[in-house]
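Protein chains in written order, with our numbering: chain A, 367 to 701; chain B, 230 to 560.
Beta carbons: idealized from backbone N, C-alpha and C, even for Gly.
Here the structure is a predicted model, which means the values were calculated and not measured.
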């Protein structure tokens with residue numbers, strides 16, 4: 367993406383805390399799970415921003431809060447220049463037609479009692495976009511777009527395989543012609559050969575319709591494949607954000623480096639030759655994150671300062687953001 | 230190396246209301262002592278069912294090991310009595326399951342569950358067994374093992390539970406460890422820890438490992454031999470280099486092509502395999518992959534190719550046109 371591409375989404379200092387209550391009858395507020403803790407990023411029009419991280423790092427919460435499916439604790443979300451965190455319900459509904467979501471589990475995200483036709487046309491009804499014959503035509507067109515037989519409109523979700531169901535989920539998201547689609551682990555529950563089918567479809571639709579994706583996943587190689595830029599999250603924070611190739615060749619955060627080296631490579635020669643960074647231990651609880659840098663419990667290069675001061679999330683070189691006290695030591699001259 | 234496990238014509242069926250599911254359809258292979266075998270395939274290809282059949286853990290009914298022989302250390306496991314089989318399970322062949330959240334019993338301490346296996350199979354008394362259990366937990370990298378013995382599974386994280394499962398599986402020094410998707414439920418950094426752990430323990434203890442997975446990446450660094458399964462058949466088998474570098478079966482080629490790689494060039498398109506795997510209730514007469522195969526000829530629809538030697542004797546493939554594919558893909 368070059369600098370003239372307009373920004374579609376700007377997220378500034380977004381926080382989402384979930385309260386923890388204690389007590390059976392009188393509920394006392396005893397703390398908070400800091401699911402998303404001061405996250406800032408932009409999404410350019412027509413790009414795919416990948417968001418990776420491990421279980422519980424807050425990547426799904428970022429996606430949901432961005433659509434205001436969760437109320438943000440604080441921070442700003444500008445969508446097409448307008449702050450949606452302060453929108454009233456009716457205005458928000460109108461905006462939501464421009465931003466849709468594809469969910470992880472194609473088995474749970476389709477109502478088993480609704481036909482495919484009514485599932486896909488539900489967003490059209492909600493937003494009052496098309497009616498009657500036009501609506502039926504639109505549903506058939508959507509089915510064709512996602513590679514399903516348009517005659518399937520009267521079938522029920524259980525008659526379809528996982529990959530086909532995910533195509534139905536994509537058709538539903540496309541129904542209202544959104545500009546942004548938040549894809550929350552859309553392929554994680556599918557088999558490898560089916561994953562490739564769905565990813566190829568998503569790429570084709572993006573070129574065809576000029577869609578913008580926020581692609582959330584834990585599968586680093588798939589995120590790198592589909593994204594233009596990638597953000598890596600750890601324990602509620604973005605630790606690094608850069609171009610897909612930049613982050614692969616010049617990752618500056620020790621967590622990104624470890625994550626990258628943990629990804630299995632389907633090539634026995636490379637797999638045996640490479641040196642891996644194996645992280646010790648588990649991810650700390652987001653209800654009680656470590657003081658200082660939140661990666662300090664597992665970081666192979668942590669020094670005293672990491673246990674005292676939280677590293678600043680800074681643009682270390684153009685378009686490469688990182689939050690690490692020692693990022694400079696990995697910085698190589700740009701070739 | 231001597232042969233540890235020999236599987237001959239194993240067939241497992243499930244009799245359901247909708248018809249008979251042909252889960253495993255006559256597979257043959259040998260596993261040497263100390264060998265690491267990767268069994269790769271997608272959901273429903275029979276990779277787990279074949280392992281459960283070896284352990285005789287198929288619920289019967291509806292399951293039914295219809296035919297076959299499973300030779301292990303001079304005995305056919307399928308002909309053993311139930312009590313004889315109980316001596317083998319856990320003692321000679323141990324298994325680690327996919328889901329570390331559900332494969333430990335939540336109402337017993339982790340220590341109790343490891344001690345149980347040791348007193349049962351290794352004739353230890355409780356004090357000895359506790360001592361050994363603590364050593365095992367230390368070996369799999371759980372800090373403060375002695376205190377951890379008295380923890381319940383919910384006090385362990387996912388990665389630690391899988392380590393505890395591995396400790397339990399290794400407690401009786403089995404000759405064969407069957408790991409059924411042991412890292413699928415875990416995050417990549419934790420997966421890397423577990424893979425590294427099993428690699429180290431395998432080298433130290435010299436046991437054979439069967440690693441069942443859908444991830445061609447994980448077994449690339451772990452396994453010496455790979456079985457690729459599809460619709461209950463082994464469709465390609467060979468040395469890890471044969472499978473990844475001299476791939477001969479169109480399905481294996483498709484699987485490798487549909488994996489994105491971290492080191493790929495920008496703009497690379499994934500090769501997807503069109504269509505879906507066949508219905509195991511109504512398997513086609515010919516090659517089970519024919520309907521999705523770009524190399525399909527009439528013979529593929531008529532006749533199911535057996536596993537035949539390709540290139541060398543150790544590389545086997547079930548495809549009528551492997552030679553042409555070899556010609557097109559060899560580098």
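Chain-ordered listing is empty here: chain B has no CB closer than 7 Å to the CB of residue 522 (chain A), the nearest sitting near 17 Å.
Put simply, the backbone Cα of residue 462 (chain B) is about 16 Å away from that of residue 521 (chain B). Across the set A:393, A:600, A:581, the C-alpha of A:581 shows the shortest separation from the C-alpha of residue 413 (chain A). Under the 8 Å criterion on CB atoms, residue 519 (chain B) is classed as non-interfacial with respect to chain A. If you draw a straight line from the Cα of residue 365 (chain B) to the Cα of residue 395 (chain B), it comes to about 9 Å.
Collapsing the DSSP output to three states places residue 673 (chain A) in a helix.
Taking 8 Å as the threshold, the shortest C-beta distance from residue 482 (chain B) to chain A does not fall below it. According to DSSP, residue 293 (chain B) shares a beta bridge with B:242.
Counting the other CB atoms within 10 Å of its CB gives residue 503 (chain B) a total below 16, which places it among the exposed residues. Under the three-state reduction of DSSP output, residue 691 (chain A) falls in the coil class, being neither helix nor strand. Against chain B, the CB of residue 563 (chain A) has a partner CB under 8 Å away; the residue lies at that interface. Residue 535 (chain A) has its alpha-carbon roughly 25 Å from the corresponding atom of residue 443 (chain A). Per DSSP, residue 518 (chain B) lies in no alpha helix (DSSP H) and is assigned neither H nor E. Residue 456 (chain B) sits in a strand when the DSSP states are folded into three classes. A distance below 6 Å between beta-carbons, with the five flanking residues on each side excluded, links residue 425 (chain A) to the following residues of its chain, in chain order: 417, 419, 582, 599. Any Cβ of chain B closer than 8 Å to the Cβ of residue 616 (chain A) would place that residue at the interface, and such an atom is absent. Taking one beta carbon from each stretch, the stretch 403-419 of chain B and the stretch 339-349 of chain B have fewer than 3 pairs nearer than 8 Å; the two do not touch.
For residue 613 (chain A), the enclosing alpha helix (DSSP H) begins and ends at 610-615. Membership of residue 619 (chain A) in any beta strand (DSSP E) is not indicated, and neither H nor E is assigned to it by DSSP. Using a Cβ-Cβ cut-off of 8 Å, residue 381 (chain B) does not count as an interface residue toward chain A, since no Cβ of chain A sits closer than that to its own.
With 16 or more other Cβ atoms inside 10 Å of its own Cβ, residue 602 (chain A) counts as buried. Between residue 547 (chain B) and residue 455 (chain B), the C-beta gap is not smaller than 8 Å, which leaves the two residues out of contact. In the three-state scheme derived from DSSP, where H, G and I count as helix and E and B as strand, residue 520 (chain A) is classed as helix.
Proximity of residue 499 (chain B) to chain A, defined by a Cβ-Cβ separation below 8 Å, is satisfied. A distance of 8 Å or more separates the beta carbons of residue 552 (chain A) and residue 469 (chain B). In this structure residue 392 (chain B) is in contact with residue 369 (chain B), their Cβ atoms being roughly 4 Å apart against a cut-off of 8 Å. For the options B:274, B:283, B:340, the alpha carbon positioned closest to that of residue 323 (chain B) is the one of B:283.
Its Cα nearest to that of residue 405 (chain A), the residue A:431 stands out among A:390, A:391, A:431. Pairing residue 632 (chain A) with residue 485 (chain B) gives a Cβ-Cβ distance under 8 Å. For residue 445 (chain B), the residues of chain A that pass the 9 Å Cβ criterion are 558, 630, 632, in the order they occur in the chain. Annotation: residue 653 (chain A) has no Cβ neighbours in chain B at a cutoff of 7 Å; minimum Cβ distance is about 15 Å.
With the rule of 3 Cβ pairs closer than 8 Å, the stretch 295-312 of chain B counts as touching the stretch 237-247 of chain B. As a beta-bridge residue in DSSP terms, residue 681 (chain A) pairs with A:687. Residue state for residue 485 (chain A) is assigned as helix, using DSSP reduced to three classes. Each of B:495, B:459, B:524 was checked against the Cα of residue 557 (chain B), and the nearest Cα belongs to B:524.
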